[in-house]
Every structure is written in structure tokens, then in C-alpha cells.
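Protein chains in written order, with the numbering used here: chain A, 14 to 272; chain B, 2 to 202; chain C, 2 to 202. For each residue, glycine too, the CB sits at the ideal point set by N, CA and C. Written out below as C-alpha cells is the structure these notes cover.
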Amino acid sequence: MEEQGPAAPMESGTAFQDETAEETPEVLKVKLDIFEGPLDLLLHLIRKEEIDIYDIPIARITERYLEYLQMMQDLNINVAGEWLVMASTLILIKSRMLLPPDPEAPGTPEEEDPRMPLVQQLLEHQKFKNAAQMLYERETIELAVWENPKTEFREEEEELISATVFDLIKSFHAVVQRFQDKIVLEVEHDTVTLEQKLLELRSLLALQPTLYFSSFFERKISKLHLIVTFLALLEMVRLREILVYQDRIHSDIKIVKVA
Amino acid sequence: MEKSELKQILQALVFVADEPLTLNQLREVFPDEDVALLKDSMEEMIREFNEFHKGMEIREIASGYRISTRPEHHEWVRRYLKTKPSAKLSLAALETLAVIAYKQPVTFPEILEIRGIKSSTAVKTLLDKKLIETRGRKKVVGRPILYGTSTDFLVHFGLKDLAELPTLEEFEELLHAETGSVSEITPRGFNGDEQDSAEPK
Amino acid sequence: MEKSELKQILQALVFVADEPLTLNQLREVFPDEDVALLKDSMEEMIREFNEFHKGMEIREIASGYRISTRPEHHEWVRRYLKTKPSAKLSLAALETLAVIAYKQPVTFPEILEIRGIKSSTAVKTLLDKKLIETRGRKKVVGRPILYGTSTDFLVHFGLKDLAELPTLEEFEELLHAETGSVSEITPRGFNGDEQDSAEPK
């Protein structure tokens with residue numbers, strides 16, 4: 014880390030740096046945080062190197078970019094796929110720039126410039142960065158105003174939320190998690206025996222002469238329960254207490270009590 | 002501070018206070034201002050406010066200054082509060098609704114089993130709000146009632162059909178932290194570098 | 002009803018409403034009044050209110066009317082409430098939100114393409130804060146979920162509606178100005194090509 018190159022990208026020219034400049038221990042983290050991705054880094058390099066975005070010296074930028082990636086790796090930052098994809102894009106553009114223009118190729122010279130798609134992407138990205146800045150400013154204002162905290166009419170209710178679709182899935186996910194934890198606990202304490210299961214099945218069949226095999230799986234029960242149920246069914250077939258058959262191949266298995 | 006500015010701030014404070022605002026509190030907020038000035042400004046502000054704004058009023062009650070609506074408008078206020086859509090759900094109702102939405106058609110004992118908590122009040126609330134409906138009975142012992150979500154449910158959540166609900170997999174995808182995140186950085190030994198690069202060129 | 006009385010009641014309703022008061026709600030409260038009159042009275046009341054007293058203000062937000070304190074008094078309010086400034090959204094969340102706001106309804110892969118980096122953490126934060134919401138699924142392979150901004154988004158950023166946002170093109174002009182100032186040797190576009198190529202490659 015002693016050479017100039019890799020350290021260079023950390024001198025950020027963006028407005029967000031100054032806010033945190035004094036907080037020494039977190040500074041490095043915050044500065045790296047400035048680059049929200051490869052496009053962000055490229056925009057930074059373009060600004061820092063005082064480059065015209067419409068005429069990017071691609072070799073120089075690629076070099077700087079790769080130095081930065083190297084630094085990230087030196088810092089043990091897990092370099093995500095997107096950073097590598099951009100690296101190969103830059104190298105590809107660089108090699109295309111070296112090719113002489115095809116005289117038979119149609120189109121105007123600007124359209125041929127292999128840098129144009131990237132430039133467009135950068136310009137687009139910059140627009141959204143500016144839009145984010147606008148949102149940041151608006152948020153600052155809105156966080157400085159307060160609404161009426163109370164009215165004598167607002168009832169004291171239990172905590173109610175205006176649920177969204179996202180609340181539904183979040184809530185369901187939580188239930189499923191809780192349920193899975195419960196299964197693990199159940200398995201640990203499960204002590205069902207074959208005898209118990211046989212008794213249970215017999216009383217069930219006394220009430221309902223036909224059962225469907227799938228109904229045993231509808232309720233999420235522990236694996237042990239399923240295995241014992243299965244063994245109990247086999248035992249009952251052997252004892253000719255039940256008949257097991259399918260109406261069609263792949264249809265649900267019927268379990269019928271032998272009269 | 003200018004009296005006119007002080008009056009504005011006092012008004013703002015009366016507005017945001019969730020219990021009557023006292024002179025003692027004001028003294029804390031404005032340690033440099035004279036108490037007599039504070040009291041005088043407050044009273045002047047209240048006089049002006051009540052004269053001009055006839056939809057609310059600020060009153061001095063035993064414990065401090067308080068802003069509220071006027072009694073003569075309470076009938077309308079009550080009317081407004083009744084129009085509010087009762088779209089909000091308790092956490093228990095939300096969770097039950099989530100289980101029904103994702104497992105439908107589903108019976109009461111099944112909901113109980115999945116949630117591990119009794120849901121009778123929640124199911125009733127959801128039926129009352131017409132977010133769920135019955136779907137006949139399940140052909141098992143006891144023939145329990147099956148529940149599913151209603152058309153109102155789709156309308157309320159802005160869904161065209163149930164397939165638009167996010168799946169568990171999609172949700173879990175969101176939970177994954179991005180790779181290459183800055184939090185994974187190991188800051189050891191870089192303080193020196195940091196200072197170097199912070200130096201002006 | 003007399004307009005003056007109506008204005009008073011409207012003021013009281015804006016005051017008690019815990020979310021922006023909409024014209025639709027007003028129509029329910031005043032079924033016998035003309036909508037044009039309601040709107041006109043509301044606007045007149047707001048004009049008068051905001052002009053006369055400067056401790057609070059009524060603004061049009063999220064297609065409704067809302068009363069709040071004014072930003073210029075925030076330090077005093079904070080001092081009284083003894084609250085710290087609320088946490089702001091992270092830069093990643095703001096950028097992702099900007100993409101969603103301007104491209105909505107938009108899918109996860111589309112956000113990835115524009116931002117050039119995965120945004121799942123940011124999307125989850127925005128969903129948690131209810132600033133964005135799902136908008137069904139896109140009819141392409143994989144049927145990815147579409148996202149758009151919510152009513153809370155408008156409230157959070159003090160917007161009357163989405164049309165109040167500056168257009169993306171306006172940010173483009175900003176960009177030209179900015180690049181212009183950075184590369185002062187080549188003030189605009191392709192004219193400077195030759196000069197630039199003199200730089201080391």
C-alpha cells in the first residue's frame with residue numbers, strides 16, 4: 014500500500030467526504046463506501062483526472078480502475094462480480110479502440126465509437142446520482158418538520174399497521190422460520206411408538222373408513238412421525254386390516270378399512 | 002431574539018407538545034430569555050392566534066398551554082374520524098392473514114399449528130374486514146372450515162391475482178447481503194495510508 | 002354552509018388528521034357540499050393560515066393537506082422535544098430510490114442494470130420503511146416483481162405528487178454544467194476531441 018496508485022482513489026472528490034473527514038477510525042470505510050459500484054468509481058476517476066466524459070482516454074482509465082480493484086483485494090474487500098464485469102468491459106473497449114476503423118462499416122463516426130455505450134451508461138448513472146442528491150436535500154427539510162403528535166380524538170389502540178404486500182411476505186417468512194425452529198424441537202422430544210401410531214390410525218379409520226395417503230403429509234409433522242406412520246400402514250396391510258390402492262397411476266393412494 | 006420570531010417558535014412548540022406546555026419547559030428551551038418576556042410573548046401569540054384561526058384554539062389550562070380543535074366543530078371532527086378506512090391490522094391479524102394468503106385454502110387447526118398461537122380473534126377480525134372468506138369444508142375428521150383470501154384482499158393490497166404475491170424465495174433473496182459490501186473491510190494497518198491521502202496536495 | 006364556517010371546520014380537520022387529508026375524505030364528510038367549493042375553501046383557508054401565522058404551515062402533500070411546523074424552527078423544536086435528528090437514508094438507498102422513483106414500475110434486474118451494482122439491501126430497507134411497494138409482476142421470463150414508490154414516499158420527501166419531482170432531463174443539464182466546469186479546456190462535447198487526445202493514453 015505504499016505506492017501512490019492504489020491509494021489515489023481514496024482521495025474522494027465527492028461532496029460526501031467532508032462530512033466525515035474528522036472521524037478518523039471510520040474514515041476509510043466511509044470513503045470506500047462512496048463508490049456504490051463500478052459506475053460510481055468510473056465517474057469519480059473521470060472527475061479526478063479531469064477527463065472529458067465524451068472522450069475518455071480508455072487506457073488510462075482502465076489502468077486506474079484495475080489499480081483500484083487491486084486495492085480492494087488488498088484490503089480484503091470481497092470484490093463482487095459487477096466490478097470484474099466492468100473490468101472486462103473496459104479491456105474490451107480498449108482493444109476495440111486499437112483496431113483500425115472498418116471503412117465498409119455503415120454509420121457515422123460517433124456511432125462507431127466503442128466507448129459510447131459506456132458513456133451513455135455513465136451519463137445515465139450521473140443523472141440518478143443527482144436525483145439522489147435532490148432526494149437527500151428534500152429529506153433534510155422534511156426531517157426538520159413535525160406533525161401534530163396527538164389529538165384528543167385519536168383512540169388508544171393496540172399497535173396497528175397499514176399492511177402492504179411486503180408485510181405479508183415478511184410476516185409469513187417469520188412464521189415459517191418459527192415453525193421450522195419448532196419442528197427441530199419436536200424431533201428432539203418426539204417419542205412416538207409404532208403401537209401408539211397403530212392405535213391412532215385404527216381409531217381414525219373407525220371414524221372415516223377411507224383415508225388418503227396425502228393427508229398425512231398435509232400437516233407439517235416431524236420426520237419421525239412420518240416414518241412411524243408409514244411403518245404402521247405397512248403393518249396394517251400385513252395384518253390385512255386395510256387395503257391400499259390407487260385409482261390411477263400417480264393419483265393419491267387410498268387407504269380403505271377392510272370390513 | 003425578536004419578539005415576532007419568539008412568538009412563531011412558541012406557536013410551533015405548543016403545536017408539537019403532546020401534553021400542555023409549561024413555562025418551566027419554556028425556560029429550559031430559552032435559558033437566555035427573560036421569563037416575563039416569554040410569558041408576555043406567549044400570551045400575545047395566543048390572543049392573535051385565537052382571534053384569527055377559528056378552526057383551532059390555544060388555551061391556558063391549569064397545567065400549561067394547549068392547542069386543540071373547538072367544541073363547536075366536534076360533530077364534524079367525529080364525522081371525519083369515522084370515514085377513515087379501517088385498513089389497519091394488528092400484528093396478530095397480519096400474521097394470520099399472511100398464513101391464510103400463502104397456505105390457502107387452510108383450516109383453523111392448520112393455522113393454529115403453523116402459527117403456534119391461537120388465532121380465533123384474528124380470523125374473526127379478518128372475516129369482519131372481508132379480507133378472508135370461507136371456502137367450504139375440508140374432507141377430514143371434524144370437517145373443519147377452509148379459509149381463503151377474498152377479492153377485497155386483492156383490491157386492498159393492489160394485487161391482480163394471488164400469483165403477484167412475492168414468494169418466500171424472492172423474499173430471501175432480499176435478505177442476502179450484497180457481496181463486496183464495505184462492511185467486510187478489514188481496516189487494520191491502513192491508518193497511515195489514510196492520513197497520507199488526506200493531506201492536501 | 003357559509004364559506005367562513007366551512008373554512009374553520011376544514012382547518013380543524015387538517016389539524017386532527019394523522020395523515021394528509023384528501024379531497025375524497027372531505028367529500029365523505031361533506032356529502033352535500035360542492036367539491037369545487039370544498040377545494041376552493043380549503044385553498045383559501047391555507048393561504049390565509051400560512052400568511053398570518055408563521056409557527057406552523059399547511060402544505061399539500063401526497064395529494065392531501067397536512068399541517069406541520071416549519072423547517073426553520075427545527076432547532077428549537079428539537080431542543081424542546083429533546084430528540085436527535087432522525088436517521089437519514091443511506092446514499093445507496095437514496096440512489097436506488099431515485100432509480101425506482103424515475104423508472105417505476107421497475108424490476109430488480111433493471112435497477113441492477115442502471116446502478117451497475119446489486120441493490121438488494123437497499124431495496125429491503127426501502128420496503129421496510131414503506132417508501133416503495135410492490136406493483137405486480139412484469140410479463141417477461143421469470144415474471145420478476147415490479148417496484149414503485151408509495152404514498153409514504155411522497156410524505157417523506159414532502160411531495161404533492163410524483164409530477165412535482167423534477168424531470169430526469171433537468172438533472173442532465175446539471176451534469177453538462179458540471180462536466181463543463183471540470184474540463185475547462187474543452188468546454189463542450191466533441192469539439193474538444195483533438196485537444197483531449199493530446200493527453201497521455
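(1) Let me check understanding here. Comparing Cα to Cα, which of B:ALA93, B:THR108 and B:THR84 lies closest to PRO32 of chain C?
(2) Show which residues of chain B have a CB atom less than 8 angstroms away from the CB atom of ALA13 of chain C.
(3) Using C-beta distances below 6 angstroms, list every residue in its chain close to THR23 of chain B, excluding the 5 sequence neighbours before and after it, in chain order.
(4) Please list the residues of the segment 122 to 144 of chain B that have a C-beta atom closer than 8 angstroms to any C-beta atom in chain A, keeping them in chain order.
(5) Between ILE154 of chain A and chain C, is there a C-beta pair that is closer than 7 angstroms?
(6) Let's test the definition: count the other Cβ atoms within 10 Å of the Cβ of MET2 of chain C and tell me whether it reaches 16, buried, or not, exposed.
(7) Checking contacts by CB at 7 angstroms: is LEU169 of chain C closer than that to chain A?
(8) Quick one: grab the DSSP three-state call for ILE146 of chain C.
(9) Taking the alpha-carbon of ASP153 of chain B as reference, which of B:ARG138, B:ARG60, B:LYS130 and B:ALA164 has the nearest alpha-carbon?
(10) In angstroms with no decimal places, state the Cα-to-Cα distance between ILE68 of chain C and LEU11 of chain C.
(11) So what does GLU61 of chain B bridge to, in DSSP terms?
(12) Give me the Cα-Cα distance between LEU155 of chain C and GLU134 of chain C, rounded to the nearest whole angstrom.
(13) Cα separation between LEU246 of chain A and ARG138 of chain B?
(14) Name the DSSP beta bridge partners of GLN259 of chain A, please?
(15) Compute the distance between the beta-carbons of VAL78 of chain C and VAL30 of chain B, then report whether it is under 7 angstroms.
(16) Please determine if the segment 45 to 59 of chain B and the segment 264 to 271 of chain A are in contact, where contact requires at least 3 C-beta pairs separated by less than 8 angstroms.
(17) Any heavy atom of the ligand SAM closer than 6 angstroms to the beta-carbon of LEU90 of chain B?
(18) From the DSSP output, read off the bridge partner residues of ILE133 of chain B.
(19) By how many angstroms is the C-alpha of ASP126 of chain A removed from the C-alpha of THR168 of chain C?
(20) By DSSP, does ARG116 of chain C sit in helix, in strand, or in coil?
(21) Would LEU95 of chain B and LEU127 of chain B qualify as a contact pair, given that the criterion is a beta-carbon distance under 7 angstroms?
(22) Can the beta-carbon of VAL100 of chain C be found closer than 7 angstroms to that of PHE229 of chain A?
(23) CB-CB under 8 angstroms to LEU38 of chain C, same chain, minus the five flanking residues each way: which ones, in chain order?
(24) Taking 7 angstroms as the threshold (C-beta atoms), are THR150 of chain B and SER102 of chain B in contact?
(25) Counting only beta-carbon atoms, is SER184 of chain A nearer than 7 angstroms to chain B?
(26) When you compare the CB positions of LEU207 of chain A and VAL250 of chain A, do they come within less than 7 angstroms of one another, or not?
(27) Give the interface partners of GLU29 of chain C over in chain B, defined as CB-CB distance under 7 angstroms, in chain order.
(28) Along chain A, which residues have their Cβ under 7 angstroms away from the Cβ of GLU96 of chain B?
(29) Strictly below 7 angstroms CB to CB, what residues from chain C border TYR149 of chain A?
(30) Using a Cβ-Cβ cutoff of 8 angstroms, what residues of the segment 207 to 227 of chain A are near chain B? List them in chain order.
(31) Taking 6 angstroms as the limit between beta carbons, can you name the residues of its chain near PHE158 of chain C, skipping five residues before and five after?
(32) Start and end of the beta strand (DSSP E) containing TYR225 of chain A?
(33) Output yes or no for whether 7 angstroms exceeds the beta carbon distance between LYS55 of chain C and GLN26 of chain B.
(34) Closest by CA to THR75 of chain A, which one among A:ILE90, A:VAL98 and A:GLN86?
(35) Using a C-beta to C-beta distance shorter than 8 angstroms, which residues of chain C count as neighbours of LEU52 of chain A?
(36) Residues of chain A with CB closer than 7 angstroms to the CB of ALA99 of chain B, please, in chain order.
From the atom records:
(1) Looking at the Cα atoms, B:THR84 is the closest of the given residues.
(2) What ALA13 of chain C touches in chain B, judged by beta-carbon distance under 8 angstroms, is GLY56, MET57, THR70, ARG71, HIS74, TRP77 and VAL78, going in chain order.
(3) The beta carbon of THR23 of chain B sits closer than 6 angstroms to those of GLY65, all from its chain and outside the five residues before and after it, given in chain order.
(4) So the close ones are VAL141 and VAL142.
(5) It does: the Cβ of ILE154 of chain A has a partner Cβ on chain C nearer than 7 angstroms.
(6) Per the 10 Å Cβ criterion, exposed.
(7) Yes, its Cβ sits closer than 7 angstroms to a Cβ of chain A.
(8) If DSSP states are grouped into helix, strand and coil, ILE146 of chain C belongs with the strands.
(9) Checking every option, the nearest Cα to that of ASP153 of chain B belongs to B:LYS130.
(10) In a straight line, the C-alpha of ILE68 of chain C is about 12 angstroms away from that of LEU11 of chain C.
(11) Note: GLU61 of chain B sits in a beta bridge opposite B:TYR66.
(12) Each residue's alpha carbon lies about 13 angstroms from the other.
(13) Cα-Cα distance, rounded: 26 angstroms.
(14) In the DSSP output, where bridge partners are listed per residue, GLN259 of chain A has A:ILE266.
(15) Not closer than 7 angstroms, so no.
(16) The segment 45 to 59 of chain B makes no contact with the segment 264 to 271 of chain A, as fewer than three CB pairs between them are under 8 angstroms.
(17) This structure lacks the ligand SAM, and indeed carries no ligand of any kind.
(18) For ILE133 of chain B, which the question treats as bridged, DSSP gives the partners B:THR150.
(19) Straight-line Cα distance between these residues: approximately 29 angstroms.
(20) In this structure, ARG116 of chain C counts as helix in the three-state DSSP scheme.
(21) Judged by their CB atoms, LEU95 of chain B and LEU127 of chain B are not nearer to each other than the 7 angstroms cut-off.
(22) Judged by beta-carbon spacing, PHE229 of chain A lies beyond the 7 angstroms limit of VAL100 of chain C, meaning their Cβ atoms are not closer than that value.
(23) Within the same chain, LYS4 and LEU7 come within 8 angstroms of LEU38 of chain C by CB-CB distance, once the 5 residues on both sides are set aside.
(24) Reading the sequence as shown, one finds Ala at residue 102 of chain B and not Ser. For the pair ALA102 of chain B and THR150 of chain B, the CB atoms are nearer than the 7 angstroms cut-off.
(25) Interface flag for SER184 of chain A against chain B is set, since a Cβ pair is found closer than 7 angstroms.
(26) Judged by beta-carbon spacing, VAL250 of chain A lies beyond the 7 angstroms limit of LEU207 of chain A, meaning their Cβ atoms are not closer than that value.
(27) At a C-beta separation below 7 angstroms, GLU29 of chain C has these neighbours in chain B: THR84.
(28) Chain A residues near GLU96 of chain B: SER184 and VAL188.
(29) Under the 7 angstroms cutoff, chain C gives LEU95.
(30) If the cut-off is 8 angstroms between Cβ atoms, the segment 207 to 227 of chain A has LEU217, LEU220 and GLN221 near chain B.
(31) Around PHE158 of chain C: no qualifying Cβ.
(32) Taken as a continuous stretch (DSSP letters only), the beta strand (DSSP E) holding TYR225 of chain A covers 223 to 225.
(33) For LYS55 of chain C and GLN26 of chain B, no; Cβs fall outside 7 angstroms.
(34) Nearest to THR75 of chain A by C-alpha distance, out of A:ILE90, A:VAL98 and A:GLN86, is A:VAL98.
(35) Within chain C, the residues ARG116, GLY117 and ILE118 have their CB atoms less than 8 angstroms from the CB of LEU52 of chain A, given in chain order.
(36) The contact set of ALA99 of chain B on chain A, defined by CB atoms closer than 7 angstroms, consists of LEU181, SER184, PHE185 and VAL188 in chain order.
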